[in-house]
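These protein sequences, in sequence, are chains A and B.
Counting along the first sequence from 1, when you hit position 138 you're at 138 in the working numbering, and nothing is skipped either side.
Counting along the second sequence from 1, when you hit position 36 you're at 1036 in the working numbering, and nothing is skipped either side.
Quick reminder that beta carbons are idealized off the backbone N, C-alpha and C, glycines included.
Just so you know, these numbers come straight off a predicted model, no measurement behind them.
Data block below; observations after.
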Amino acid sequence: MRRSMILSAVTAALMAGTSVAQAEDVILTAVPHQTTAFAEVYNPFNQTSDVRSVRDFMFEQLVVFNRIQGGKAEYRLAESFDYSEDLSSVTFKIRDGVKWSDGETLDANDVYFTFNLIKEHPALDTRALWEKIDSVELVDDQHVKVNYKEPSTGLIFDVARIHTVPEHIWADIEDPVSFTNPDPVGSGPLTEIRRFTPQEYVQCRNPYYFQAEDLDVDCMRFPQIATNDQTLTAAAKGELDWFGSFLPDIEKTYVAKDPENHKYWFPGGSLVIFNLNMNASAEGNKEAFNDVDFRRAFSMAMDRQAMVDIAGYGYPTINKYPSGLGRGYHAWNNPEADAQYGKYTEYDVEAAAALLDGAGYKDVDGDGFLDTPSGKPIQFDLIVPNGWTDWVNTVQLAVEGLNEAGINASVSTPEAAAWTQQLLDGSYQGAINALVVGVTPHMAFDTFHSSKAMTSRFSVTGYTNEELDKLLDGFFKTANADEQREIMDEIQMILSKDMPHIPVFNNPYWYQYNTARFEGFFSADNAQAVPTVHDGNPERILHLLSIKPKS
Amino acid sequence: MSFIIRRIMFYLVAFLVAATINFLLPRLMPGNPIDIMFANAGNTMPPEAKKALAETFGFVERPLIEEYFIYLKSVFSWDFGVSIKKYPLTVMDVLMQALPWTLFLAGTSVILAFCIGSLLGIYAAWKRGGGFDSIISPSALAVQSVPALVIGILTLYLFGLVLEVLPTSYAYDPSLDPGFSWAYISSVFYHSLMPIGTLAFVSIGGYLITMRNNMIGQLGEEHVVMGHAKGLTDKRVRYNYAARNALLPSMTAFALSLGSVMGGSLIIEIVFNYPGLGNILFQGIIARDYPLIQGQLIIMTLAMLTANLLIDFIYIFLDPRLRKA
């Protein structure tokens, strides 16, 4: 190990022209993505690239909304934003004196240019902004106004996420979709690629960074790592500073190697649920899945604690909110929903069986399992992607509970792509699934909006409710916090009552760190923002700026 | 001559059939690349944007048969299009990055296994029933039936994690820049020890057993008895009289494994995080990267057929009876 460290130091020095200052660079090693080989693509609109340090670290957003701090606005390229009176447009004020990494000025013109760029090339509009915005106006060199199609206080979460690119470079690019951006000019903290091989690359400091005084990391080193096992091997040796991966039995395999410095924090993230297809092809299943008593009994047969402790190694956060709200949004919780419907998320197989019995479910055909009140057999697979071991074990536990309650369910483990396909085309009967959570609980709940039905993997239950639609629509039509709260209370009541999906736990945000060389990492005691280093976590820029070399 | 022409015609047809299967197979798998790419994104992409993106990848809605001919044209013009997973790199770029590593890894290990296995087999047959034979031959059978995965993981655990003498990952030290330097070349060698060793180890048994059995057959032949009778040295009889003839069936197996080298050694490459073709193919299948899968399979097919064709020619050279056929 020592030999290779000397070697790397020597190479780094040679690369940098043996300047002494460079040799003392502070280099943070991180793994934002597992891949088999890196290829140079620095296009911030590219969704497939293996280089996942382009967004946020090379190209900054306008505003980052801090999910852990209740959606607090952390201003990046924009220094403020203002809504129009009727909430149908928002004006961003771009930070004064920001420069691109080539020294040119970054102003509202670039932001305006970028909005139009993704309009002209829909393949770049990956957040589907132009579905919901009507036009963009350049007010002056410092202000850009975005006009919405409909008033909204929620659209900002997507709009402010745009990664502004320099007009003076991108205006001349013929096909920005396939552009690899070989000499990146960016706005973020780390824009200079110092070295690049398929096995490792090093991304260093932007000489003109607007927040340079808060940036204590000179370079980030990204080693190529392909699997969780390889992550564990490298992590246990102490080679990684900031990463996030599923490590089995983490206390023994990672923490115990250096209890002083090897640490992790798994705040609750995406919402893991069971989906029952209300348009299921099998008659008996369809009848059962459309019956709220069946769904409640299903929920009561779930041993959530065992799922968290046994299947999830204790990493997930249990979710007993009948609406599926999740502990991360507890500030929004409606205690009324818990009081009335909380009993349906308590593990109680006998009560589940009793509930089914009372609703008329009986074993008509004598196969040892219950049939529907109209006498049709219930028999379904719960699909789970193979290899997702924590989920497979979760489904296994679910099936045990269901069988005990008299329901004929079994586990089926198609390949991940086939699982996605069955969800999307509605051919599945039952499935385990996860919903991405947003700045507010609205994002996960909005998957039940009738306009979203069957448009993505997240909206596949076939449940719709007009009253719910209205509430979901109304939530972002107001900027008044009390009104939003009232609406969210009602949404929770409806979802708790109907239980269209069965929440079990919140997946952890995977985050591990090593304090041997650096400090200032986010942790349960220093819970400033979602701590992961993965692309898709905009808050990671805040985290990078808080990491400092150990004094 | 007509034999050669017949063989070439046969291989052309075989290639067409393989290319057709190659076209159909990925399309029979459930799932499609664009959906997979966005399946985990929290937002829903509108159909227009999805379509625009699909078109940039070369997925235009058209009848299957039309697509088939476009595909055939691309195969014969050696242009496999753009990889989806590694967009905007072309399939050729992606494959060419991995190809040298696979050639090195699998090629070296096949040659090593063939040489060592055959030599051991010759020796075991010569002294059949002796101490060496009764230990090495059953062990070869045992090793041969253990999957490469098991050996790979055991080696990784022992040498990589417990003893920490060999690197567990990469084709060379990531901090080095590729080039003709001693540090780089020695690092490549050092990093290849475990994967090549494992690959060679698991296939030595096969060659050993084949060679031993052929040899034993040869040793009863009259020309071997004749060689002894002429008073030739043991060594000369062993290698020039017996082994030379016994080598023929082993050569077939050897050429076939050289052909399959192009497929990469999927499992070993994944276990040791080696940047070869097998690893690329595996990632491509997960992402439903049709162009990449197709490109890789076509190259594998070609390599396999070429190896077969070569064997046919070598046989003409080695076996005079075929020349008259």
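Exercise for review: Give a yes or no on whether the minimum CB-CB distance between Gln61/A and chain B is below 8 Å.
Suggested key: Here residue 61/A refers to the residue found at position 61 of the first sequence. No, its Cβ sits nowhere closer than 8 Å to a Cβ of chain B.
Practice item. Using alpha carbons as the reference points, say which of Pro223/A, Val41/A, Asp134/A and Pro248/A lies closest to Val185/A. Key: In the first sequence, the residue the question calls residue 185/A occupies position 185. Looking at the Cα atoms, Val41/A is the closest of the given residues.
Check your understanding: How close, in whole Å, do the beta carbons of His143/A and Thr91/A come, if the pair is a contact with beta carbons under 8 Å?
Key -> In the first sequence, residue 143/A corresponds to position 143, counting from 1. In the first sequence, residue 91/A corresponds to position 91, counting from 1. Their Cβ separation, rounded to whole angstroms, is 6 Å, which keeps His143/A and Thr91/A in contact under 8 Å.
Exercise for review: Hey, could you find the ends of the alpha helix (DSSP H) Gly474/A is sitting in?
Suggested key: To locate residue 474/A, count along the first sequence from 1; it is residue 474. Annotation: the continuous alpha helix (DSSP H) that includes Gly474/A extends over Glu466 to Phe475.
Exercise for review: Would you mind sorting His163/A into buried or exposed? The rule is 16 or more other CB atoms within 10 Å of its CB.
Suggested key: The residue labelled residue 163/A in the question sits at position 163 within the first sequence. In summary, His163/A is buried, with 16 or more beta-carbon neighbours lying within 10 Å of its beta-carbon over all protein chains present.
Review point. In terms of DSSP beta bridges, what is Lys72/A paired with?
Key: Residue mapping note: residue 72/A aligns to position 72 of the first sequence, counting from 1. When beta bridges are read from the DSSP output, Lys72/A appears opposite Asn66/A.
Check your understanding: Along chain A, which residues have their Cβ under 7 Å away from the Cβ of Glu1048/B?
Key -> Working through the second sequence from its first residue, we reach residue 1048/B at position 48. Pro122, listed in chain order.
Check your understanding: Taking C-beta to C-beta, are Arg304/A and Asn506/A nearer than 8 Å?
Key -> The count along the first sequence starts at 1 and reaches residue 304/A at position 304. The count along the first sequence starts at 1 and reaches residue 506/A at position 506. Pairing Arg304/A with Asn506/A gives a Cβ-Cβ distance that is not under 8 Å.
Exercise for review: Check whether the Cβ of Ala1052/B lies closer than 8 Å to any Cβ atom in chain A.
Suggested key: Against the second sequence, residue 1052/B aligns to sequence position 52. It does; some Cβ of chain A falls within 8 Å.
Check your understanding: In or out: Phe1076/B buried (at least 16 other Cβ within 10 Å) or exposed?
Key -> Sequence index remark: in the second sequence, residue 1076/B carries index 76 (1-based). It counts as exposed.
**Study point:** Beta-carbon proximity of Glu287/A to Ser427/A, cut-off 8 Å
**Key:** Your numbering for residue 287/A matches position 287 in the first sequence. Your numbering for residue 427/A matches position 427 in the first sequence. Result no, Cβ atoms of Glu287/A and Ser427/A do not sit closer than 8 Å.
Review point. How long is the line joining the alpha carbons of Ala171/A and Asp56/A, rounded to whole angstroms?
Key: Translated into positions along the first sequence, residue 171/A becomes position 171. Translated into positions along the first sequence, residue 56/A becomes position 56. If you draw a straight line from the Cα of Ala171/A to the Cα of Asp56/A, it is about 21 Å long.
Review point. If contact means a Cβ-Cβ distance below 9 Å, which residues of the region 174-191 of chain A contact chain B?
Key: Of all residues in the region 174-191 of chain A, Asp175, Val177, Ser178, Phe179 and Thr180 have a Cβ within less than 9 Å of some Cβ in chain B.
Point to revise | Neighbour flag for Gln1283/B against chain A, beta carbons, 8 Å | key: As a first step, residue 1283/B must be located in the second sequence, where it is residue number 283. So yes, Gln1283/B belongs to the interface.
**Study point:** Contacting residues, own chain, Cβ-Cβ under 7 Å from Ser1260/B (five flanking each side not counted)
**Key:** Along the second sequence, one-based indexing puts residue 1260/B at 260. The beta carbon of Ser1260/B lies closer than 7 Å to those of Met1304 in the same chain, with the five residues before and after it left out.
Point to revise | Spatial neighbours of Ile118/A in its chain, beta-carbon cut-off 6 Å, leaving aside the 5 residues before and after | key: In the first sequence, residue 118/A corresponds to position 118, counting from 1. Exclusion of the five residues before and after Ile118/A leaves Leu124 and Asp125 as the residues of its chain whose Cβ lies within less than 6 Å of its Cβ.
Review point. Apart from the five residues just before and just after Gly1284/B, which ones in its own chain have a Cβ nearer than 6 Å to its Cβ?
Key: By one-based count along the second sequence, residue 1284/B stands at place 284. Shown here for Gly1284/B: same chain residues with a beta carbon closer than 6 Å to its own, the five before and five after excluded, namely Leu1292 and Ile1293 in chain order.
Check your understanding: Since Tyr509/A contacts Pro531/A with CB under 8 Å, what's their CB separation in whole angstroms?
Key -> The sequence position of residue 509/A within the first sequence is 509, counting from 1. The sequence position of residue 531/A within the first sequence is 531, counting from 1. Correct: roughly 7 Å between the Cβ atoms.
Point to revise | Bounding residues of the alpha helix (DSSP H) (the contiguous stretch that carries Leu435/A) | key: In the first sequence, residue 435/A corresponds to position 435, counting from 1. Going by DSSP, Leu435/A is part of no alpha helix (DSSP H) but of the beta strand (DSSP E) stretching over Gly430 to Leu435.
Practice item. Please state if the CB of Met302/A and the CB of Ile502/A are separated by a distance shorter than 8 Å. Key: The residue you call residue 502/A lines up with position 502 of the first sequence. The residue you call residue 302/A lines up with position 302 of the first sequence. Cβ atoms of Ile502/A and Met302/A: closer than 8 Å.
**Study point:** the region 90-109 of chain A in contact with the region 244-253 of chain A per 3-pair CB rule at 8 Å
**Key:** Contact check between the region 90-109 of chain A and the region 244-253 of chain A: fewer than three CB pairs, one atom from each, fall below 8 Å, which does not count as touching.
Point to revise | Beta-carbon spacing of Leu355/A, Asp293/A below 8 Å | key: The residue you call residue 355/A lines up with position 355 of the first sequence. The residue you call residue 293/A lines up with position 293 of the first sequence. Yes, the pair counts as a contact, with Cβ atoms nearer than the cut-off.
Point to revise | Near-chain B residues of the region 282-307 of chain A - C-beta to any C-beta below 9 Å | key: Residues: none.
Point to revise | Limits of the alpha helix (DSSP H) - the one that Leu1120/B falls within | key: As a working note, residue 1120/B is residue 120 in the second sequence. Leu1120/B -> alpha helix (DSSP H) spans Val1091 to Trp1126.
Review point. For a contact meaning CB atoms closer than 8 Å, what does Pro223/A contact in chain B?
Key: Numbered from 1 along the first sequence, position 223 holds the residue referred to as residue 223/A. Listed by position along chain B, the residues whose Cβ is nearer than 8 Å to that of Pro223/A are Pro1174.
Point to revise | Exposure label - Met1009/B; buried when at least 16 CB within 10 Å | key: Along the second sequence, read from residue 1 onward, the residue named residue 1009/B stands at position 9. Counting every other CB atom within 10 Å of its CB across the protein chains shown gives Met1009/B a total below 16, marking it as exposed.
Practice item. Express the C-alpha separation of His1223/B and Gly1217/B in angstroms, rounding to a whole number. Key: Looking up residue 1217/B in the second sequence gives position 217. Looking up residue 1223/B in the second sequence gives position 223. Approximately 12 Å, taken between the alpha carbons.
Check your understanding: Do we get a CB-CB distance below 8 Å when we pair Gln203/A with the residues of chain B?
Key -> Locating residue 203/A in the first sequence gives position 203, where the first residue counts as 1. No, its Cβ sits nowhere closer than 8 Å to a Cβ of chain B.
**Study point:** Minimum length 4: unbroken alpha helix (DSSP H) runs contained in the region 340-427 of chain A
**Key:** Counting whole runs of 4 or more residues, the region 340-427 of chain A contains the alpha helix (DSSP H) stretches 349-358, 389-404 and 416-424.
Review point. Hey, out of Thr1168/B, Ile1122/B and Asp1289/B, whose CA is closest to Ser1083/B's CA?
Key: The residue you call residue 1083/B lines up with position 83 of the second sequence. It is Asp1289/B.
Point to revise | chain B residues whose Cβ lies nearer than 9 Å to that of Glu24/A | key: On the first sequence, position 24 is the one that residue 24/A refers to. In chain order: nothing, as chain B lies at least about 17 Å away.
Check your understanding: Does the pairing of the region 1156-1169 of chain B with the region 1246-1254 of chain B give three or more beta-carbon distances under 8 Å?
Key -> Not touching, per the Cβ criterion.
Practice item. Could you tell me which chain B residues have their CB closer than 8 Å to the CB of Gln421/A, listed as they occur along the chain? Key: Numbered from its first residue, the first sequence carries residue 421/A at position 421. Taking a Cβ-Cβ cut-off of 8 Å, the neighbours of Gln421/A in chain B comprise Pro1030, Gly1031, Asn1032 and Asp1035, given in sequence order.
Review point. If you measure from the beta carbon of Gln1097/B to each beta carbon in chain A, is any gap under 8 Å?
Key: For this step, residue 1097/B is matched to residue 97 along the second sequence. Interface residue, yes.
**Study point:** Arg295/A, buried or exposed, once every other Cβ within 10 Å from all chains shown has been counted against 16
**Key:** Position 295 of the first sequence holds residue 295/A. Arg295/A counts as buried, since at least 16 other C-beta atoms from the protein chains shown sit within 10 angstroms of its C-beta.
Exercise for review: Indicate whether Ala235/A and Gln512/A have their beta-carbon atoms separated by less than 8 Å.
Suggested key: The residue you call residue 235/A lines up with position 235 of the first sequence. The residue you call residue 512/A lines up with position 512 of the first sequence. The answer is yes: Cβ separation under 8 Å.
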